[in-house]
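**Q** Note that the protein sequences, when read in sequence, are chains C and E. Quick note: this note's numbering has the first sequence finishing at residue 248, numbered continuously throughout. Quick note: this note's numbering has the second sequence finishing at residue 1226, numbered continuously throughout.
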Amino acid sequence: MLLRVKNLKKSFKENVVLDGVSYDVEKGEVIAILGRSGCGKSTLLRCINGLEQIEGGEIYLNETLITKPNAKYKHWSEVRKKIGMVFQSYDLFPHMNVLNNIILGPMKVEKRSKADATKEALKLLERVSLLEKKLAYPRELSGGQKQRVAICRALSMNPEIILFDEVTAALDPEMVREVLDVIKGVKEQGLTMIVVTHEMAFAEKVADKIIFMENGKILEINTPDKFFHSPSTVEARRFLNLSDGYVQ
Amino acid sequence: MRNLGIDYIIKAFPMIIDGFAITIKISIIALILSIFLGFIIGVIMTSKNKLINVVLKILLEAFRLIHPLIWLFVFFFGVSYIFNIQTDNIVVSIVVFTLWGTFEIGDLVRSYIQSLPKSQFESSAALGLTKTQMYIYVLLPQIIIRITPSIVNLATRLIKTTTLVFLIGVPEVLKVSQNIIQVVYNSNPNSYITLTMYLFLLFLYFIICYPLSLFSKYLEKKVSAL
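1) Are the CB atoms of residue 1005 of chain E and residue 1110 of chain E nearer to each other than 7 angstroms?
2) Among the candidates E:1025, E:1187 and E:1033, whose CA atom is the shortest distance from the CA of residue 1105 of chain E?
3) Which residues share a DSSP beta bridge with residue 4 of chain C?
4) Given this structure, state the Cα-to-Cα distance separating residue 1190 of chain E from residue 1101 of chain E, to the nearest angstrom.
5) Residues of chain C with CB under 7 angstroms from residue 1149 of chain E, in chain order?
6) Please identify the residue among C:42, C:1 and C:150 whose C-alpha is closest to the C-alpha of residue 217 of chain C.
7) Compare the C-alpha of residue 184 of chain C against each of C:201, C:172 and C:171 and name the closest.
8) Compute the beta-carbon to beta-carbon distance between residue 192 of chain C and residue 84 of chain C, rounded to the nearest angstrom, for a pair I have assumed lies under 8 angstroms.
9) List in chain order: all unbroken alpha helix (DSSP H) runs of 4+ residues lying wholly within the region 42-92 of chain C.
10) DSSP three-state call for residue 1051 of chain E: helix, strand or coil?
11) State the DSSP-derived secondary structure class of residue 15 of chain C, mapped to helix, strand or coil.
12) So residue 157 of chain C and residue 1127 of chain E are supposed to be a Cβ contact under 8 angstroms. How far apart are they, rounded?
13) Could you list the residues in the region 108-135 of chain C with a C-beta less than 9 angstroms from some C-beta on chain E, going in chain order?
14) If you check the beta carbons only, do residue 13 of chain C and residue 57 of chain C fall under 7 angstroms apart?
15) Residues in the same chain with beta-carbon distance under 6 angstroms from residue 1169 of chain E, minus the five sequence neighbours each way, listed in chain order, please.
16) I need the DSSP call for residue 193 of chain C, collapsed to helix, strand or coil.
17) Taking residue 45 of chain C as the reference, which of C:222, C:162 and C:73 has the closest Cα?
18) Using a Cβ cut-off of 9 angstroms, pull out every chain C residue sitting near residue 1131 of chain E, in sequence order please.
19) Near residue 245 of chain C, what residues of its chain come up, given a Cβ to Cβ distance below 7 angstroms and the 5 sequence neighbours on each side ignored?
20) Please identify the residue among E:1021, E:1178 and E:1077 whose C-alpha is closest to the C-alpha of residue 1198 of chain E.
21) Nearest-angstrom Cα distance between residue 134 of chain C and residue 66 of chain C?
22) Residue 1159 of chain E and residue 1047 of chain E: beta carbons closer than 7 angstroms?
23) Using the three-state DSSP reduction, which class does residue 35 of chain C fall into: helix, strand or coil?
24) Which two residues bound the contiguous alpha helix (DSSP H) that contains residue 1144 of chain E?
25) Does any residue of chain E bring its CB to less than 7 angstroms from the CB of residue 49 of chain C?
26) 7 angstroms is my cut-off, CB to CB: does residue 1128 of chain E come that close to chain C?
27) For the putative contact between residue 86 of chain C and residue 176 of chain C, defined by C-beta atoms under 8 angstroms, what is the C-beta separation to the nearest angstrom?
28) Mind pulling the chain E residues with CB within less than 9 angstroms of residue 12 of chain C?
29) How about residue 1166 of chain E and residue 1009 of chain E: do their beta carbons lie closer than 7 angstroms?
30) Does the Cβ of residue 1011 of chain E have 16 or more other Cβ atoms within 10 Å, making it buried, or fewer, making it exposed?
31) Which chain C residues are close to residue 1137 of chain E, counting only those with a beta carbon under 7 angstroms from its beta carbon?
32) Does any heavy atom of the ligand GTP sit closer than 6 angstroms to the C-beta of residue 54 of chain C?
33) Could you have a look at residue 213 of chain C and say whether DSSP puts it in helix, strand or coil?
34) I want to see whether chain E comes within less than 7 angstroms of residue 156 of chain C, judged by CB atoms only; does it?
35) Along chain C, in chain order, which residues have C-beta atoms closer than 8 angstroms to that of residue 1120 of chain E?
36) So, with DSSP's three-state summary, where would you put residue 1085 of chain E?
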């Protein structure tokens, strides 16, 4: 079991955002987390790499407990070497060019040589068709290009699991496709991924398991086929009907 | 033609430049120390520790609200009184202006750090960078790029205000000029050397401060492209 989430609880002031969430992720699995805005899916992701502190429950990575109460930053920076994350707002470092954005992590965190890290980075850039932009600065790139670089940046650390937090939500429709293709490519490499997304068609094609959340609880876990065509919960049915009557 | 005293100025030129050199020397040393210490203080100011923040805030306001002139006197005579030694007026000048510059830059650094988008902290953290690495490779470079126009601005103000040190006896350019004017008046009471001298000083300050101001505008343009 690569990742085990047990009974996660999290509140922001009075709002209960995660209300006893549990699930498992096997190595090589791709999980899509779906749900309305505000149901807690982003928070769930951010708890896994410690960007949010949980108030109850446990998270195990490779059978090791990674959530400690009052964990210091140092503890999480060790854990984060194994967990990659790509954000909705790409968040590339604006003062560095594309190549340097990608090699910063491997060089400073994994202590790899510049030559080594650069070789890897160029390979990654080629896979996402951005090799010619290697010396460009983030401000010169389109949203889709920035997001593809952000994915390369996460991949360059060779993480065991990558978290994608609504990575196409801020993109124009034309760019959504190019980013989703890259994520499909990442899946083909056998990487374990948790993808929070609104793109239903994408989730159906790429995910091995769908987790459907509402109001901080997991209501349904199912295969894409079953979830999209015959969901077992009423709420899921309602949710899917609302997304352009996707359910036939 | 009334005597403008230009010949006196030409004769005394080396002395005037010596005086100006002291002004610039004090400013540059104070500026370099301020930048170095200011960044450290600025980063410390972003800590969540309430006590540190209150103490630093008080120090910051103390050096900002109270005119450097007063600090010059307080340090100069105060240190001499408390430690019973002859204080070096140039050292006191450098100390006072360094403290002033340090807290100004510190406050700027703090405010720039706090204005960086939270996402820069998060994406650095998500990469596994330690806090130190995050500051060195991601946050501070962005701050340095943004803060440089303000620092050049501070440099200009520093150079202008350093003149005050003549009040604790440092032979900087204003004091030297007044001495020369006095000497000339003794032999030539009708001389207009006062006017000429101050025009000359105006020119000296201008050729130092104007390029700095142009440099600052150039930097602002470059920074806004980020």
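We put the CB at the ideal spot given by N, CA and C, even for glycine.
**A** In this structure, then:
1) no
2) E:1033
3) C:24 and C:60
4) 42 angstroms
5) Chain C residues near residue 1149 of chain E: none, gap ~16 angstroms exceeds 7 angstroms.
6) C:42
7) C:201
8) Contact flag wrong, Cβ pair sits at about 10 angstroms.
9) 73-79
10) helix
11) strand
12) 7 angstroms
13) 108, 109 and 110
14) no
15) 1089
16) strand
17) C:162
18) 73, 74 and 77
19) Caution applies to residue 245 of chain C, whose pLDDT of 49 falls short of 50 and renders its modelled position unreliable; the value that the coordinates give is listed next. If we look at residue 245 of chain C and ignore the five residues flanking it on each side, it has no Cβ neighbours.
20) E:1178
21) 35 angstroms
22) no
23) strand
24) 1140-1161
25) yes
26) yes
27) About 14 angstroms separates the two Cβ atoms, so there is no contact after all.
28) Near residue 12 of chain C there are no residues of chain E at all, since even the closest Cβ is about 15 angstroms away, more than 9 angstroms.
29) no
30) exposed
31) 104 and 108
32) This structure does not include the ligand GTP; it has no bound ligands of any sort.
33) strand
34) no
35) 91 and 93
36) coil
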